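Engineer:
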Amino acid sequence: MSETTSANEEKKPPLNGRRALPPNNSNDEENEVPEVDPFGLIPRGFNPKDYLRVVDIYMFKDPHEINKQQHHTDKYYNPRLIVRRGQPFQIQVDFNRPYRPETDQFWLEYLMGRYPQQNKGTYIPIPVGNVLKPGEWGAKITHRENNSVRLSIMPSATCIVGKFRLYVAIWTPFAILRTRRNPATDTYILFNPWCQQDAVYLDDEKEREEYVLNDVGIVFHGNIEDIKSRSWSYGQFEENILDACLFLMDKAELELSGRGNPIKICRVASAVINSRDDNGVIAGSWNNSYDNGVAPSAWTGSVDILLEYYSSKQPVRYGQCWVFAGVFNTFLRCLGIPARLITNYSSAHDNNANLRLDFFLDDEGKVDTKLTKDSVWNYHCWNEAWMTRPDLPVGFGGWQVVDGTPQETSDGMYRCGPASVQAIKHGHVCFQFDAPFVYAEVNSDIVYSRMEKNGTQVIEKIDTSHIGQLIVTKEVGGDRMMEITEEYKFREGSDEERLALETAVMYGVKKQTTQDTTYRPQTDIDMDFQAQKAVLGNDFKVTITFRNRSRSSYTATAYLSGNIVFYTGVTKSEFKKHSFSAKLEPSSSSSFDVVIKSSEYMSDLLEQASFHFFVTARINETGKILALQRATILEIPTLRIKTKGELVAGKEMSVIVEFTNPLKQTLGNVTLRLEGPGVLRTIKKEFRSIPVNSTLTWEVKCTPVRPGLRKLIASLNSDALRHVYGELNVQIQKP
Numbered sequence: 001m002s003e004t005t006s007a008n009e010e011k012k013p014p015l016n017g018r019r020a021l022p023p024n025n026s027n028d029e030e031n032e033v034p035e036v037d038p039f040g041l042i043p044r045g046f047n048p049k050d051y052l053r054v055v056d057i058y059m060f061k062d063p064h065e066i067n068k069q070q071h072h073t074d075k076y077y078n079p080r081l082i083v084r085r086g087q088p089f090q091i092q093v094d095f096n097r098p099y100r101p102e103t104d105q106f107w108l109e110y111l112m113g114r115y116p117q118q119n120k121g122t123y124i125p126i127p128v129g130n131v132l133k134p135g136e137w138g139a140k141i142t143h144r145e146n147n148s149v150r151l152s153i154m155p156s157a158t159c160i161v162g163k164f165r166l167y168v169a170i171w172t173p174f175a176i177l178r179t180r181r182n183p184a185t186d187t188y189i190l191f192n193p194w195c196q197q198d199a200v201y202l203d204d205e206k207e208r209e210e211y212v213l214n215d216v217g218i219v220f221h222g223n224i225e226d227i228k229s230r231s232w233s234y235g236q237f238e239e240n241i242l243d244a245c246l247f248l249m250d251k252a253e254l255e256l257s258g259r260g261n262p263i264k265i266c267r268v269a270s271a272v273i274n275s276r277d278d279n280g281v282i283a284g285s286w287n288n289s290y291d292n293g294v295a296p297s298a299w300t301g302s303v304d305i306l307l308e309y310y311s312s313k314q315p316v317r318y319g320q321c322w323v324f325a326g327v328f329n330t331f332l333r334c335l336g337i338p339a340r341l342i343t344n345y346s347s348a349h350d351n352n353a354n355l356r357l358d359f360f361l362d363d364e365g366k367v368d369t370k371l372t373k374d375s376v377w378n379y380h381c382w383n384e385a386w387m388t389r390p391d392l393p394v395g396f397g398g399w400q401v402v403d404g405t406p407q408e409t410s411d412g413m414y415r416c417g418p419a420s421v422q423a424i425k426h427g428h429v430c431f432q433f434d435a436p437f438v439y440a441e442v443n444s445d446i447v448y449s450r451m452e453k454n455g456t457q458v459i460e461k462i463d464t465s466h467i468g469q470l471i472v473t474k475e476v477g478g479d480r481m482m483e484i485t486e487e488y489k490f491r492e493g494s495d496e497e498r499l500a501l502e503t504a505v506m507y508g509v510k511k512q513t514t515q516d517t518t519y520r521p522q523t524d525i526d527m528d529f530q531a532q533k534a535v536l537g538n539d540f541k542v543t544i545t546f547r548n549r550s551r552s553s554y555t556a557t558a559y560l561s562g563n564i565v566f567y568t569g570v571t572k573s574e575f576k577k578h579s580f581s582a583k584l585e586p587s588s589s590s591s592f593d594v595v596i597k598s599s600e601y602m603s604d605l606l607e608q609a610s611f612h613f614f615v616t617a618r619i620n621e622t623g624k625i626l627a628l629q630r631a632t633i634l635e636i637p638t639l640r641i642k643t644k645g646e647l648v649a650g651k652e653m654s655v656i657v658e659f660t661n662p663l664k665q666t667l668g669n670v671t672l673r674l675e676g677p678g679v680l681r682t683i684k685k686e687f688r689s690i691p692v693n694s695t696l697t698w699e700v701k702c703t704p705v706r707p708g709l710r711k712l713i714a715s716l717n718s719d720a721l722r723h724v725y726g727e728l729n730v731q732i733q734k735p
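Here the sequence shown stands for residues 1 to 735, where the numbers follow the UniProt record's numbering.
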């Protein structure tokens, strides 16, 4: 493209041969929205005042009012309405006369950015209907009185996160009439860790209070022999911080349509938190001279840094790792992504993405500083953000490493993550983003080698236990240190740890040696894994089968890891560890059964009873690795729903819900919910307990309103069992 065309492109954005519209990557810019939008020629006698007209919109946006209370946004020091996606909120529209549903037609419009488009999620017209579908955009009238209507609005659980402009549109025969632009009705929509359909859903209320709502934290620093701690004020609710965080996404030029995706947001934020290559928030300095700026150790929190950047648009000087991590944590929590600050003691700063740190020795055995490029940090701080990873296989959601400290470039920019902690632990470093780099930070071997005069490299010593000796974060609900080394790696020196390292190498991570051997997999042995179909609450077995197709006899060291995962693939806990040795006879198959007892998994079980297994085996004679992973789901019992009486609109009928407890334990704190749009409003009933093998029966009387095919939906929730559903289609006759 010539220079002249790019200059024209600046002046007249729409005249661009490559795209019909310029990129829509600023939440701050706006377009003009007409108050009168004619369908064609408007007849002379048309007077908009003859039609329904909006007099006022009431947003219930004060901290003590229903919206901010229900959406956990009452702490934000911001006068506008702030809600979370996938969860309904209320507004009230006052008209100039009573609303008449038979003849009047109005709808809501939410817009974002300069070029709103419906297919990009930046223009959202919301018709007013009768029912809200969970997790989808919609609006329904909940109350009508005099000239006012009260609306319940459901934002999609996957919608863009940011600031939307609200308009109310009214249909007339000749034109659409809209409310005037009013910044007081702007609505911020954030991520929602309380909503099961949101990608950042976190199931533990104490963890949500810590990782989303706590606005102070602790940074652990010092070194492994002398651990020090300090407080850090995140201040995610302070005045203008939310706007500053949205500005960071504008600065990173993240297309608005991508801002509902926590993976994308974390990836661009890890680049914009540092000033390298994009004039981001903080300029790093590690050389002990901090002229024209603030020494990294002097900051006490993120607020000053973010506000200074928001007003000056220039990098704030200076930061080191915990400053980048502190500001990144503020950004994530402010937007509603659960986040925590991590410290890794003896952190490998690996600058050629191989899984070993090369320390070159001179003839006297001292480190040759000219040749040695790798380094070990006393400690390094990064962040973990909690989200599902639909872009990866099941089992790799949950905590993801994101790092705003500029160390190495990733896809051409200084950024790092999100990288799955679970993938790092098991050595599955083939999964994006930047897992090999983080794996090396916590798990590298230090290789000391010496060059002989004739150019051959002699390895003198390999230190396998120095790196990543201790990984910590602040405990939930307190200020003590919580060790999470086990989330990242197996016990130092254990078979599983070596196995994970070899798995990482197998997955294409460079292992630099002078006689670099290419990867030669073990082709004459196959490994397979089968899980028995099982009903929740029962024992079941898994079978690992080896097939040795060679004429040699082998022995294998195998490791099975069973993890309880959310249905989204996010790991909650490891409930089964099993190591065993296998003798593999020539030309034969051998199977090994591992019994999974219900007592091992029931205490930690999550709602959808999903398990994820990693199996790794090392063939001892060849050092080759076999690795596989499988997800398996237990069957959850369902609720039975039946009806009694005539199914006629306007006549009373009964709905009966039944459930038999299949577990070997009493179910406590049971809540049943039943709803059926057009048949009955949502009702819930609580039962103290359901004993083992006993059946609970709940009968509800109701009078269906609308004829036609309707659906009854019931759910059961209890301490030990969740995600129990039942549904029934019913045909309601006309009277």
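By construction, the Cβ of each residue, glycine as well, lies at the ideal position given by its N, Cα and C atoms. In this text, all values refer to a predicted model and were calculated from it rather than measured experimentally.
What did DSSP end up calling Phe359 once you bin it into helix, strand or coil?
Structural biologist: Indexing the sequence shown from 1 puts residue 359 at position 359. Correct three-state label for Phe359: strand.
Engineer: Indicate the three-state DSSP secondary structure (helix, strand or coil) for Ala184 in the structure shown.
Structural biologist: Counting from 1 along the sequence shown, the entry for residue 184 is found at position 184. Residue state, collapsed to three classes: helix.
Engineer: If Phe220 sits next to Thr388, beta carbons under 8 angstroms apart, how far is it from one beta carbon to the other, in whole angstroms?
Structural biologist: Mapped onto the sequence shown, residue 220 falls at position 220. Mapped onto the sequence shown, residue 388 falls at position 388. Incorrect: roughly 28 angstroms between the Cβ atoms, too far for contact.
Engineer: For the putative contact between Ile446 and Phe359, defined by C-beta atoms under 8 angstroms, what is the C-beta separation to the nearest angstrom?
Structural biologist: Numbered from its first residue, the sequence shown carries residue 446 at position 446. Numbered from its first residue, the sequence shown carries residue 359 at position 359. Yes, Ile446 and Phe359 are in contact; Cβ-Cβ is about 6 angstroms, under 8 angstroms.
Engineer: Can you find the residues in the same chain that come closer than 7 angstroms, C-beta to C-beta, to Val429, ignoring five residues on each side of it along the sequence?
Structural biologist: The sequence position of residue 429 within the sequence shown is 429, counting from 1. The beta carbon of Val429 sits closer than 7 angstroms to those of Ala423, Ala435, Pro436, Tyr439, Ala504, Tyr507 and Val509, all from its chain and outside the five residues before and after it, given in chain order.
Engineer: According to DSSP, which residues form a beta bridge with Met249?
Structural biologist: One-based indexing of the sequence shown puts residue 249 at position 249. Looking at the DSSP assignment, Met249 forms no beta bridge with any residue, so it has no partner.
Engineer: Flag this pair as yes or no: are the beta carbons of Asp374 and His349 separated by less than 9 angstroms?
Structural biologist: Here residue 374 corresponds to residue number 374 of the sequence shown, with the count starting at 1. Here residue 349 corresponds to residue number 349 of the sequence shown, with the count starting at 1. For Asp374 and His349, yes; Cβs fall inside 9 angstroms.
Engineer: Pull up the CB-CB distance for Val401 and Glu207, whole angstroms please, since I reckon it's below 8 angstroms.
Structural biologist: Taking the first residue of the sequence shown as 1, we reach residue 401 at position 401. Taking the first residue of the sequence shown as 1, we reach residue 207 at position 207. Incorrect: roughly 18 angstroms between the Cβ atoms, too far for contact.
Engineer: Please tell me whether Lys133 and Met112 are closer than 9 angstroms, where the distance is taken between their beta carbons.
Structural biologist: Residue 133 sits at position 133 when you count from the first residue of the sequence shown. Residue 112 sits at position 112 when you count from the first residue of the sequence shown. Contact: no.
Engineer: Work out the CA separation of Gln733 and Phe39 for me, nearest whole Å.
Structural biologist: Position 39 of the sequence shown, counting from 1, holds the residue named residue 39. Position 733 of the sequence shown, counting from 1, holds the residue named residue 733. So the alpha carbons of these two residues sit roughly 40 angstroms apart.
Engineer: Distance check for Gly650 and Arg340, CA to CA, integer angstroms please.
Structural biologist: For this step, residue 340 is matched to residue 340 along the sequence shown. For this step, residue 650 is matched to residue 650 along the sequence shown. Spanning the two alpha carbons is a distance of roughly 54 angstroms.
Engineer: So if DSSP puts Pro38 in a beta bridge, which residue, or which two residues, is it bridged to?
Structural biologist: Within the sequence shown, numbered from 1, the residue matching residue 38 stands at position 38. Ala175, per the DSSP bridge assignment.
Engineer: Quick check on Ser587: buried or exposed, where buried means 16 or more other Cβ atoms within 10 Å of its Cβ?
Structural biologist: Here residue 587 corresponds to residue number 587 of the sequence shown, with the count starting at 1. Ser587 should be labelled exposed.
Engineer: Starting from the Cα of Pro43, find the closest Cα among Ala175, Trp232, Pro79 and Asp243 and give me that residue.
Structural biologist: For the purposes of this step, residue 43 is identified with residue 43 of the sequence shown, where counting begins at 1. Checking every option, the nearest Cα to that of Pro43 belongs to Ala175.
Engineer: Between Glu483 and the rest of its own chain, which residues show a CB-CB distance below 6 angstroms, the 5 nearest in sequence each way excluded?
Structural biologist: The count along the sequence shown starts at 1 and reaches residue 483 at position 483. Taken in chain order, the residues that qualify are Val472.
Engineer: For my contact list, Leu248 and Ile160 are in at a C-beta cut-off of 8 angstroms; report their separation, rounded to the angstrom.
Structural biologist: On the sequence shown, position 248 is the one that residue 248 refers to. On the sequence shown, position 160 is the one that residue 160 refers to. With a Cβ gap of about 15 angstroms, Leu248 and Ile160 do not count as contacting.
Engineer: Please report the straight-line C-alpha distance between Pro691 and Met602, rounded to a whole angstrom.
Structural biologist: Numbered from 1 along the sequence shown, position 691 holds the residue referred to as residue 691. Numbered from 1 along the sequence shown, position 602 holds the residue referred to as residue 602. Cα to Cα, the separation comes out at about 16 angstroms.
Engineer: Using 9 angstroms as the threshold, is the C-beta distance between Thr187 and Ile82 below it?
Structural biologist: Position 187 of the sequence shown, counting from 1, holds the residue named residue 187. Position 82 of the sequence shown, counting from 1, holds the residue named residue 82. Between Thr187 and Ile82, the CB-CB gap stays under 9 angstroms.
Engineer: Taking the C-alpha atoms as reference points, what is the distance between Gly162 and His71?
Structural biologist: If you number the sequence shown from 1, residue 162 lands on position 162. If you number the sequence shown from 1, residue 71 lands on position 71. Computed Cα separation, rounded: 15 angstroms.
Engineer: Can you give me the start and stop residues for the beta strand (DSSP E) that Leu151 sits inside?
Structural biologist: Here residue 151 is taken as the residue at index 151 of the sequence shown, counted from 1. Element bounds for Leu151: Ser148 to Met154.
Engineer: Does the separation of the CB atoms of Pro662 and Leu536 fall below 9 angstroms?
Structural biologist: For the purposes of this step, residue 662 is identified with residue 662 of the sequence shown, where counting begins at 1. For the purposes of this step, residue 536 is identified with residue 536 of the sequence shown, where counting begins at 1. Yes, the pair counts as a contact, with Cβ atoms nearer than the cut-off.
Engineer: Roughly how far, in whole angstroms, is the beta-carbon of Ser444 from the beta-carbon of Leu355, given that I think they are within contact range, below 8 angstroms?
Structural biologist: In the sequence shown, counting from the first residue as 1, residue 444 sits at position 444. In the sequence shown, counting from the first residue as 1, residue 355 sits at position 355. Contact flag correct, Cβ pair sits at about 6 angstroms.
Engineer: Output needed for Arg549: all residues of its chain with C-beta closer than 8 angstroms, excluding positions within five of it in sequence on either side, in chain order.
Structural biologist: In the sequence shown, counting from the first residue as 1, residue 549 sits at position 549. Around Arg549: Asp524, Ile525, Asp526 and Ser587.
Engineer: Under the three-state reduction of DSSP, which class applies to Ser229: helix, strand or coil?
Structural biologist: Taking the sequence shown and counting its residues from 1, the one referred to as residue 229 is at position 229. Looking at Ser229 - three-state DSSP - the assignment turns out to be strand.
Engineer: Just verifying my parser: in three-state terms, what is the DSSP assignment at Ala283?
Structural biologist: Translated into the one-based positions of the sequence shown, residue 283 becomes position 283. Here Ala283 sits in strand by DSSP.
Engineer: Contact defined as beta carbons within less than 8 angstroms: I believe Ala531 pairs with Thr616. What is the distance between those atoms, to the nearest angstrom?
Structural biologist: Within the sequence shown, numbered from 1, the residue matching residue 531 stands at position 531. Within the sequence shown, numbered from 1, the residue matching residue 616 stands at position 616. That pair is no contact at about 17 angstroms.
Engineer: Please identify the residue among Leu721, Asp215, Leu254 and Leu357 whose C-alpha is closest to the C-alpha of Ser302.
Structural biologist: Your numbering for residue 302 matches position 302 in the sequence shown. Checked all of Leu721, Asp215, Leu254 and Leu357; the closest Cα to Ser302 is Asp215.
Engineer: Does the beta-carbon of Val316 have 16 or more other beta-carbons within 10 angstroms, so that it is buried, or is it exposed?
Structural biologist: Residue mapping note: residue 316 aligns to position 316 of the sequence shown, counting from 1. A buried status is given to Val316, since no fewer than 16 other beta-carbon atoms sit within 10 Å of its beta-carbon.
Engineer: Tell me the residue span of the beta strand (DSSP E) that contains Leu501.
Structural biologist: Along the sequence shown, one-based indexing puts residue 501 at 501. Run containing Leu501: none in the beta strand (DSSP E); it sits in the alpha helix (DSSP H), Asp495 to Met506.
Engineer: Can you look up Glu109 in the DSSP assignment and give me helix, strand or coil?
Structural biologist: If you number the sequence shown from 1, residue 109 lands on position 109. The answer is strand: DSSP assigns Glu109 an E or B state.
Engineer: So, are the CB atoms of Phe191 and Ile91 less than 9 angstroms apart?
Structural biologist: Counting from one through the sequence shown, the residue named residue 191 turns up at place 191. Counting from one through the sequence shown, the residue named residue 91 turns up at place 91. Ile91 is positioned such that its CB atom lies no closer than 9 angstroms to that of Phe191.
Engineer: So, Leu674 versus Gln731, is the Cβ gap smaller than 9 angstroms?
Structural biologist: Taking the sequence shown and counting its residues from 1, one reaches residue 674 at position 674. Taking the sequence shown and counting its residues from 1, one reaches residue 731 at position 731. Contact flag unset, no.
Engineer: Which whole-angstrom value is the C-beta distance of Trp107 and Ile126, which I expect to be below 8 angstroms?
Structural biologist: As a first step, residue 107 is located in the sequence shown; it is residue number 107 there, counting from the start. As a first step, residue 126 is located in the sequence shown; it is residue number 126 there, counting from the start. Separation of the CB atoms of Trp107 and Ile126 is rounded to 6 angstroms, and the pair is thereby assigned contact status at 8 angstroms.
Engineer: Is the beta carbon of Ser229 sitting closer than 9 angstroms to the one on Thr300?
Structural biologist: As a position in the sequence shown, residue 229 is number 229, starting the count at 1. As a position in the sequence shown, residue 300 is number 300, starting the count at 1. The answer is no: Cβ separation not under 9 angstroms.
Engineer: Under DSSP, the alpha helix (DSSP H) around Leu81 begins and ends at which residues?
Structural biologist: Residue mapping note: residue 81 aligns to position 81 of the sequence shown, counting from 1. That residue, Leu81, is in no alpha helix (DSSP H); its beta strand (DSSP E) goes Leu81 to Arg84.
Engineer: Considering only their Cβ atoms, is the gap separating His426 from Ser561 smaller than 9 angstroms?
Structural biologist: Start at 1 with the first residue of the sequence shown, and residue 561 comes out as number 561. Start at 1 with the first residue of the sequence shown, and residue 426 comes out as number 426. Against a cut-off of 9 angstroms, the Cβ pair of His426 and Ser561 comes out as a contact.
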